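**Student:** The sequence shown begins at 1 in the numbering used here and counts up by one. Ideal placement from N, C-alpha and C gives every residue a C-beta, glycine not left out. Bear in mind that the values here come from a model prediction, so they are computed numbers and not experimental data. Structure in structure tokens, see below.
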Amino acid sequence: MGPPGVGKGTQSNRLAAAFAVPIVASGDMFREIRKQDTPLAAEVRQYMDRGEYVPDDLTIAMVLDRLRAPDTENGYVLDGFPRTVAQAEALDAAFDGTSRAIDHVILLKAPLETVLARLTGRRICSNCGAVYNLSSNPPEVEGQCDVCGGALFQRTDETPQVQRYRLGVFDRQTKPVIAYYKVKGRLEMVDATPPVDAVTEQLLNRVRGSADAK
Ligand code: ADP
Ligand code: AMP
């Protein structure tokens, strides 16, 4: 969890690779859906382009359905879900007491100026989803992914106005989810200000530490 631009996608790619488990990223799933020529795609585009959350019923059905696939049986990394209390409750109701119950709820923290600076230079691979930044983590060849050679793109919800709006939506709709997990004593916080590798190390220490203890 964490505000837009804090580094969730970057770190979830690394965690998923380290544990050889799939990433379930609701934002990526919506970016796939919005490419289609369907009424659903048109609806999703409207919400995303305004920086608003897609309604809970649709989001919950999409993510829970994905999590029931066989490839998540031995673990998964969730990125960008749950973002509302209704989503968090639905996730718990669906999987608590099963092998798919979540082990860690990690909040990435960084100051507002840091996340705004990160959002401004973000570029994403259209093929494999690798995340770059024009100032902190540029690709070797401009516009091209180091991992797979795919073309890099800038998200359509990356204008300064929509970025600010998305940060406000996070405050209004996702801060209550942080409180939801805090009350349950499940919230873990990680400082996302250091460089990417240092943040990954903190995350791996937490997740590996608890896995060793089991
Ligand atoms: P989120 O998924 O939380 O919206 P991303 O993972 O897409 O955030 O990261 C936002 C931008 O910040 C990207 O351009 C990414 O390369 C950059 N970034 C992520 N983590 C760091 C970091 N620790 N230091 C510097 N830049 C980072
Ligand atoms: P992200 O890539 O995680 O920043 O998500 C991009 C956009 O997809 C968000 O601004 C929302 O419009 C939508 N979205 C992603 N995840 C969710 C979610 N869990 N609930 C509602 N909308 C979401």
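Residues in the same chain with beta-carbon distance under 6 Å from I33, minus the five sequence neighbours each way, listed in chain order, please.
**Tutor:** Hits under 6 Å: A41 and V44.
**Student:** Excluding the 5 residues preceding and the 5 following N137 in the sequence, name in chain order all residues of the same chain whose CB lies nearer than 6 Å to its CB.
**Tutor:** Excluding positions up to five away in sequence, the list is empty.
**Student:** The ligand ADP heavy atoms versus the CB of V6: any closer than 7 Å?
**Tutor:** Yes, the ligand ADP has a heavy atom inside 7 Å of this Cβ.
**Student:** Just the C-alpha distance for K214 and R100, rounded to the nearest angstrom, thanks.
**Tutor:** With a pLDDT of 44 at K214, under the threshold of 50, the modelled position of that residue is not reliable, and the figure given next carries that caveat. K214 and R100: Cα-Cα distance of roughly 16 Å.
**Student:** May I have the straight-line CA-CA distance separating A94 from D57, to the nearest angstrom?
**Tutor:** Spanning the two alpha carbons is a distance of roughly 14 Å.
**Student:** Taking only heavy atoms of the ligand ADP into account, decide whether any of them is closer than 7 Å to the Cβ of V196.
**Tutor:** The answer is yes for V196.
**Student:** Just curious, the alpha helix (DSSP H) that M189 is in, first and last residue?
**Tutor:** No alpha helix (DSSP H) contains M189, which is instead part of the beta strand (DSSP E) from L187 to D191.
**Student:** Anyone know if the C-beta pair for P4 and V115 falls short of 8 Å?
**Tutor:** Yes, Cβ-Cβ distance for P4 and V115 is below 8 Å.
**Student:** For R166, which residues in the same chain have their Cβ closer than 6 Å to its Cβ, ignoring the five residues on either side in sequence?
**Tutor:** Same-chain partners within the cutoff: P4 and G51.
**Student:** Which term fits N13, buried or exposed, when burial requires 16 or more other beta carbons within 10 angstroms of its beta carbon?
**Tutor:** N13 is buried by the Cβ-count criterion.
**Student:** Using only alpha-carbon positions, find the residue among R31, A61 and V24 that is nearest to Y270.
**Tutor:** Nothing in the structure corresponds to residue 270, since the chain is present only between 1 and 214.
**Student:** Which residue's Cα is closest to the Cα of T174: L91, G80 and N74?
**Tutor:** Nearest option by C-alpha distance: G80.
**Student:** So I106 is in the beta strand (DSSP E); what residue range does that whole segment cover?
**Tutor:** It spans V105 to K109 - the beta strand (DSSP E) in which I106 sits, taken as one unbroken run.
**Student:** Give me whichever residues DSSP pairs with R123 in a beta bridge.
**Tutor:** DSSP, once it has assigned bridges, lists Y132 as partnering R123.
**Student:** How close, in whole Å, do the beta carbons of R68 and V177 come, if the pair is a contact with beta carbons under 8 Å?
**Tutor:** With 8 Å as the limit, R68 and V177 do not qualify as a contact, their Cβ atoms being about 22 Å apart.
**Student:** Is R206 a contact residue of the ligand ADP, with contact defined as CB to any heavy atom under 7 Å?
**Tutor:** Every heavy atom of the ligand ADP is 7 Å or more from the Cβ of R206, so no.
**Student:** Helix, strand or coil for D79 per DSSP?
**Tutor:** Here D79 sits in strand by DSSP.
**Student:** Ends of the beta strand (DSSP E) at V54?
**Tutor:** Unbroken run through V54: none, as it is neither H nor E.
**Student:** How about T156: is its Cβ closer than 7 Å to a heavy atom in the ligand AMP?
**Tutor:** Answer for T156: no, Cβ out of range of the ligand AMP.
**Student:** Within its chain, find whatever has a CB closer than 8 Å to the CB of S135; leave out the 5 residues flanking it on each side and keep chain order.
**Tutor:** Contacts found: A117 and G121.
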